[in-house]
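In my numbering, the protein residues as written are 336 to 567.
Here it is, written out as structure tokens:
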């Protein structure tokens, strides 16, 4: 449904304010008005929501608002499916899930969910700003708590050096040499065969303990966003 084009066009409109990008978003209405809530929420929805004030078109605004409502239903159901109140994939908490039925370490099923949850919380922050009556701050605050230790497997903070018990070793710039980057953020606990949530202290498990720039960037954003909202 042209998700990348919608996101790029929305960002260009927000940045430049040029009418041609507004017109293009309106022209794309037939393409995205019937997408699912999940396609909206995990795709370009957060960009379209941010672009709303710059698009003076009633159909566009009503379409984005209705898609946001659809996404809220999906997001709330997923957050309610686990004790941590975050959008962990339903498969993780499904009682019949077995990792050995998947394709091993090259499958997305084995990776820690921390970075994805942080990115999701960033999107939820902007949806909350645009639709405060629809989206609460619970998902954002829950994600920060999750990263700082309120997660499955143990209570270790995913941010190196933050918290009394944090991940002080990860696969980073020094590869797997049992090294540490203060402030580095790992992806965290994941399903290890046969089907248990674990967070091991071992540098070669890059799908649990690895430093990446995006993981640190979204953590910083989410933390600042929570501080901002608490301040309000």
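Note that the Cβ used here is the ideal one computed from N, Cα and C, for glycine as well.
Remember, it's a predicted structure, so these values are computed and weren't measured experimentally.
Point to revise | residue 422 beta carbon less than 8 Å from that of residue 414 | key: By one-based count along the chain shown, residue 414 stands at place 79. By one-based count along the chain shown, residue 422 stands at place 87. With a cutoff of 8 Å on beta-carbon distance, residue 414 and residue 422 are scored as near each other.
Check your understanding: How many whole angstroms separate the CB atoms of residue 499 and residue 538, which I take to be in contact at a CB cut-off of 8 Å?
Key -> Position 164 of the chain shown holds residue 499. Position 203 of the chain shown holds residue 538. The pair is not a contact, with the Cβ atoms about 22 Å apart (cut-off 8 Å).
Review point. Do residue 419 and residue 522 have their CB atoms nearer than 8 Å?
Key: Position 84 of the chain shown, counted from the first residue, corresponds to residue 419. Position 187 of the chain shown, counted from the first residue, corresponds to residue 522. No. Outside cutoff.
Check your understanding: So the beta strand (DSSP E) residue 506 belongs to, where does it begin and stop?
Key -> Locating residue 506 in the chain shown gives position 171, counting from the first residue. Segment 505-507, the beta strand (DSSP E) holding residue 506.
Point to revise | Pick from 536, 476 and 366 that is closest to residue 514, judged by C-alpha positions | key: Your numbering for residue 514 matches position 179 in the chain shown. Nearest of 536, 476 and 366 to residue 514, Cα basis: 536.
**Study point:** Beta-carbon gap between residue 387 and residue 453 smaller than 8 Å
**Key:** Translated into the one-based positions of the chain shown, residue 387 becomes position 52. Translated into the one-based positions of the chain shown, residue 453 becomes position 118. Judged by their CB atoms, residue 387 and residue 453 are not nearer to each other than the 8 Å cut-off.
Exercise for review: Determine the extent of the alpha helix (DSSP H) in which residue 533 is found, giving its start and end residues.
Suggested key: The residue you call residue 533 lines up with position 198 of the chain shown. Per DSSP, residue 533 belongs to no alpha helix (DSSP H); it is in the beta strand (DSSP E), 531-533.
Check your understanding: Can you check whether the CB of residue 402 is closer than 8 Å to the CB of residue 378?
Key -> By one-based count along the chain shown, residue 378 stands at place 43. By one-based count along the chain shown, residue 402 stands at place 67. For residue 378 and residue 402, no; Cβs fall outside 8 Å.
**Study point:** Selected residue, minimal CA-CA separation from residue 502, among 376, 482 and 478
**Key:** Within the chain shown, the letter at position 167 stands for residue 502. The option with the nearest alpha carbon to residue 502 is 482.
Review point. In or out: residue 408 buried (at least 16 other Cβ within 10 Å) or exposed?
Key: Your numbering for residue 408 matches position 73 in the chain shown. Exposed: under 16 other Cβ atoms inside 10 Å.
Check your understanding: Is it true that the CB of residue 344 sits closer than 8 Å to the CB of residue 360?
Key -> Residue mapping note: residue 360 aligns to position 25 of the chain shown, counting from 1. Residue mapping note: residue 344 aligns to position 9 of the chain shown, counting from 1. Using a Cβ distance threshold of 8 Å, residue 360 and residue 344 count as a contacting pair.
**Study point:** Through-space distance from residue 531 to residue 544, alpha-carbon basis
**Key:** Numbered from its first residue, the chain shown carries residue 544 at position 209. Numbered from its first residue, the chain shown carries residue 531 at position 196. Answer to the nearest angstrom: the Cα atoms are 17 Å apart.
Exercise for review: Over the uninterrupted alpha helix (DSSP H) stretch that includes residue 463, give me the two end residues.
Suggested key: Here residue 463 is taken as the residue at index 128 of the chain shown, counted from 1. Run containing residue 463: 449-465, per the alpha helix (DSSP H) assignment.
Check your understanding: Thinking just about the alpha-carbon of each residue, which of 508, 398, 477 and 484 is nearest to the one in residue 366?
Key -> In the chain shown, the residue the question calls residue 366 occupies position 31. Answer by Cα proximity: 398.
Review point. When the Cα of residue 534 is compared with those of 549, 356 and 491, which residue comes out closest?
Key: In the chain shown, residue 534 corresponds to position 199, counting from 1. Comparing Cα-Cα distances from residue 534 to each of 549, 356 and 491, the minimum goes to 491.
Review point. Do you know offhand how far residue 405's Cα is from residue 567's?
Key: As a working note, residue 405 is residue 70 in the chain shown. As a working note, residue 567 is residue 232 in the chain shown. Whole-angstrom Cα-Cα distance: 28 Å.
Review point. What are the start and end residues of the alpha helix (DSSP H) that includes residue 349?
Key: Residue 349 sits at position 14 when you count from the first residue of the chain shown. Segment 338-351, the alpha helix (DSSP H) holding residue 349.
**Study point:** Where residue 354 falls, given that 16 or more other Cβ within 10 Å makes a residue buried
**Key:** One-based indexing of the chain shown puts residue 354 at position 19. By the neighbour-count rule (16 or more Cβ atoms within 10 Å), residue 354 is not buried but exposed.
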